[in-house]
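Structure record follows, encoded as structure tokens.
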Amino acid sequence: MSNKAITGGTVLKLLIYSFIVGFIMYSLEWSPGDILGWIANAVADVWGWFSGSGLEYVLLGATIVVPLFLFSRWRDRMRSRGNRSE
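Just so you know, we're using the working numbering here: the sequence shown kicks off at 861 and counts up by one.
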């Protein structure tokens with residue numbers, strides 16, 4: 861990961877993109893809650909598709925295994941970064 865500074869140009873781009881997306885959402889009469897609801901419904905549909913099959917257990921296990929895996933990768937990266945500075 862790089863430690864890039866947030867410049868005025870970056871802030872300006874974010875403002876422009878936010879304006880464009882906000883205008884489109886306003887025009888379509890969408891709210892952030894609508895979008896989050898659609899995402900939640902999509903996840904529920906996928907879960908329903910997996911229900912009744914053995915894949916349901918894979919998803920249940922993944923709720924524990926994936927965060928532990930990501931945490932261990934993060935921890936190893938922090939350790940290696942600390943060793944580099946010595």
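The C-beta atom is built at its ideal place from N, Cα and C for all residues, glycine as well.
Pairwise C-alpha distance: Asn-943 and Trp-898: Against the sequence shown, residue 898 aligns to sequence position 38. Against the sequence shown, residue 943 aligns to sequence position 83. Going from the Cα of Trp-898 to the Cα of Asn-943 covers about 45 Å.
Return the CA-CA distance between Lys-864 and Arg-939, expressed in angstroms with no decimal places. Counting from 1 along the sequence shown, the entry for residue 864 is found at position 4. Counting from 1 along the sequence shown, the entry for residue 939 is found at position 79. Their Cα atoms are separated by approximately 22 Å.
Taking the alpha helix (DSSP H) that Trp-909 belongs to, which residues open and close that run? Taking the sequence shown and counting its residues from 1, the one referred to as residue 909 is at position 49. That run of the alpha helix (DSSP H) goes 892-910.
Terminal residues of the alpha helix (DSSP H) in which Gly-868 lies: What you label residue 868 is simply residue 8 of the sequence shown in a count that begins at 1. Unbroken alpha helix (DSSP H) run through Gly-868: 868-887.
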